[in-house]
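Notes for the one structure printed next.
As structure tokens, then:
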């Protein structure tokens, strides 16, 4: 029997007014927004990759990279299931830290993965259930899927099911800020799981502005960074497949980031710019690359001419397809 293929449902970036004052407040369920890597888990299904498999948003296998999560899922879930969640690494205060997860996100060598798992253990926070014992659940209301998820999963050290927030929006927003979390996600209680689509049934409201970006080139630095990356030239795509230039970022990099980026960018070098519209001044001294590397930046605001103001590098996003990166 052919099994259904699932892709994650995506939330739309919004603001408080998109949730508060829009109908009955009880229409919405609130969850904290976790700062990690989205993943779909298949448990108990022999699909050629073992009884537990883990895949990122762009369908890349993640199980070998997070063996502790694979083991945890095998112990936490009874029967067959397809589950949606976020892979996270917690900091000293118990908060998901994307910077800390960067120590795990790019590894491939099994020995390095084992060592890193001891230093930076990962967990998966589950928040939706798409299929159970061969029965697709995507057309059920969100609340019913969540109830089934809570009843199905037995939590352990690597697998958690954070509960929905029992507060109104403003209280949940303050709580997320006090805890140093990324923000809040509001989900319509009666919504189905829109496979592979971004809808307004899920609204994400974030404390800081972040944007996925595609690296199209780099410029060398000065002083101690004269022989390596000084800044990355960034773009986002459009529906016609063009890469629009949105600015450059030169802060937020660790020494390890710079070494890793320099090596990776060298392997995807090209002669011509991939950007549709980069200004001549920003193209000066640029080294162009094939636009396959995706990252994420935090920034202050968008300028009138479509540039990122004060961007700061947060890290690479191997879980994202560069062809799907759009301005949020």
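Residue numbers (this note's numbering): 10 to 337. We treat Cβ as the ideally placed atom computed from N, Cα and C, and that holds for glycine.
Between the CA atoms of residue 104 and residue 323 - distance to the nearest angstrom: As a working note, residue 323 is residue 314 in the chain shown. As a working note, residue 104 is residue 95 in the chain shown. Cα-Cα distance, rounded: 16 Å.
Mind pulling the beta strand (DSSP E) runs of 3 or more residues that sit fully within the stretch 109-145? Uninterrupted beta strand (DSSP E) stretches at least 3 residues long and entirely within the stretch 109-145 occur at 131-141, given in chain order.
Using 10 angstroms around the beta-carbon of residue 14, count the other beta-carbons present and answer buried if the total reaches 16, otherwise exposed. Mapped onto the chain shown, residue 14 falls at position 5. Taking all protein chains in view, the Cβ of residue 14 is surrounded by fewer than 16 other Cβ atoms within 10 Å, so the residue is classified as exposed.
Rounded to whole angstroms, what is the Cα-Cα separation between residue 57 and residue 51? Walking along the chain shown from the start, residue 57 turns up at place 48. Walking along the chain shown from the start, residue 51 turns up at place 42. Confidence at residue 57 is low in this model, with a pLDDT of 39, below 50, so the placement of that residue should be treated as unreliable; the coordinate-derived value is given next. Cα to Cα, residue 57 sits roughly 12 Å from residue 51.
In terms of residue numbering, what span does the beta strand (DSSP E) encompassing residue 393 cover? Since the first and last residues shown for the chain are 10 and 337, residue 393 lies out of range.
3-residue-minimum beta strand (DSSP E) runs that sit fully inside the stretch 51-85, ordered along the chain: Here the runs fully enclosed are 61-65.
Per the DSSP calculation, residue 305 is bridged to which residue(s)? The sequence position of residue 305 within the chain shown is 296, counting from 1. Answer by DSSP bridge pairing, in chain order: 221, 324.
With three or more C-beta pairs closer than 8 Å as the rule, is the stretch 199-206 touching the stretch 67-84? Of all C-beta pairs linking the stretch 67-84 to the stretch 199-206, fewer than three are shorter than 8 Å, placing the two stretches out of contact.
Along the alpha helix (DSSP H) that carries residue 292, what are the first and last residues, could you check? Indexing the chain shown from 1 puts residue 292 at position 283. Residues 289-292.
List the endpoints of the continuous alpha helix (DSSP H) containing residue 152. On the chain shown, position 143 is the one that residue 152 refers to. Residue 152 -> alpha helix (DSSP H) spans 151-161.
Quick check on residue 35: buried or exposed, where buried means 16 or more other Cβ atoms within 10 Å of its Cβ? Start at 1 with the first residue of the chain shown, and residue 35 comes out as number 26. That one is exposed.
As a quick exercise: from 300, 219, 305, 331, pick the residue whose alpha carbon is nearest that of residue 23. Stepping through the chain shown from its first residue, residue 23 is reached at position 14. Residue 23 has its Cα closest to that of 219, out of 300, 219, 305, 331.
Quick check on the burial criterion: 16 or more other C-beta atoms within 10 angstroms. Buried or exposed for residue 96? As a working mapping, residue 96 is identified with position 87 in the chain shown. Counting Cβ neighbours within 10 Å, residue 96 comes out buried, since at least 16 surround it.
Our contact map puts residue 93 next to residue 139 with C-beta atoms below 8 Å; I'd like the distance itself, whole angstroms only. Counting from one through the chain shown, the residue named residue 93 turns up at place 84. Counting from one through the chain shown, the residue named residue 139 turns up at place 130. Rounded, the Cβ-Cβ distance is 6 Å, consistent with contact.
Determine the closest residue to residue 288 out of 263, 253, 129, 266, with distance taken between C-alpha atoms. Here residue 288 refers to the residue found at position 279 of the chain shown. Looking only at 263, 253, 129, 266, the smallest Cα-Cα distance to residue 288 is reached by 253.
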